[in-house]
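The block underneath contains the structure these notes are about, expressed in structure tokens.
Numbering (UniProt numbering), first residue to last: 1 to 162.
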């Protein structure tokens, strides 16, 4: 059985299923994960530092497996016919293209339906935005605004010096 924590391997894939692997820039993933563990008491990392967490993240030693092993395993499946590998950055850069790619990957009919109905495509894209989903689904862990929950991470350079 394949879980989200396990690096995906070809032997785990069901030939009748389709898989979408969404990868994220490691720095964004790291910042998101750091803010996540600092804001949730079960992790008991509220007093941990950014640098201490970086060491754990780079070693893959925080109970969720190694990010880089998972990413490389996912990317290795990129050419499988039932796997669509896409990055979060691609989604943000050209949402329309990725939505159409995902629709065609799901079923040719869905791709054609979106490509021939611009109103439907625009509606789907609008309802897929972080801003729209925040109105529909509220993730309020502590009762306060949390940058880790906004899906944007525009302030990541505060945390990451590249």
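Even glycine gets a Cβ: it sits at the ideal position worked out from N, Cα and C.
- The three-state secondary structure of residue 64, taken from DSSP, is coil.
- A contact is defined here as three or more CB-CB pairs under 8 Å, and the region 32 to 40 fails this definition with respect to the region 93 to 110.
- Non-local C-beta neighbours of residue 86 in its own chain, meaning closer than 8 Å and more than five positions away in sequence, comprise 20, 21, 22, 23, 98, 101 and 102, ordered along the chain.
- Out of 51, 25 and 125, the CA that lies nearest to the CA of residue 70 is found in 25.
- Shown here, residue 76 sits in a helix according to DSSP, grouped into three states.
- Straight-line spacing of the CA atoms in residue 136 and residue 8 works out to 31 Å.
- Counting along the chain, residue 85 sits inside the beta strand (DSSP E) bounded by residues 83 to 87.
- Residue 57 is positioned such that its CB atom lies no closer than 8 Å to that of residue 45.
- The shortest C-alpha to C-alpha distance from residue 27 to any of 68, 134, 117 and 72 is the one to 68.
- For residue 23, the three-state secondary structure derived from DSSP is strand.
- Classified as exposed, residue 64 has fewer than 16 neighbouring CB atoms from the shown chains inside 10 Å of its CB.
- Around the beta carbon of residue 83, 16 or more other beta carbons sit within 10 angstroms, so the residue counts as buried.
- According to the DSSP assignment, residue 122 belongs to the alpha helix (DSSP H) that extends over 118 to 127.
- Where residue 51 is concerned, the enclosing alpha helix (DSSP H) starts and stops at 50 to 59.
- Closest in C-alpha terms to residue 79, from the list 129, 18 and 107, comes 18.
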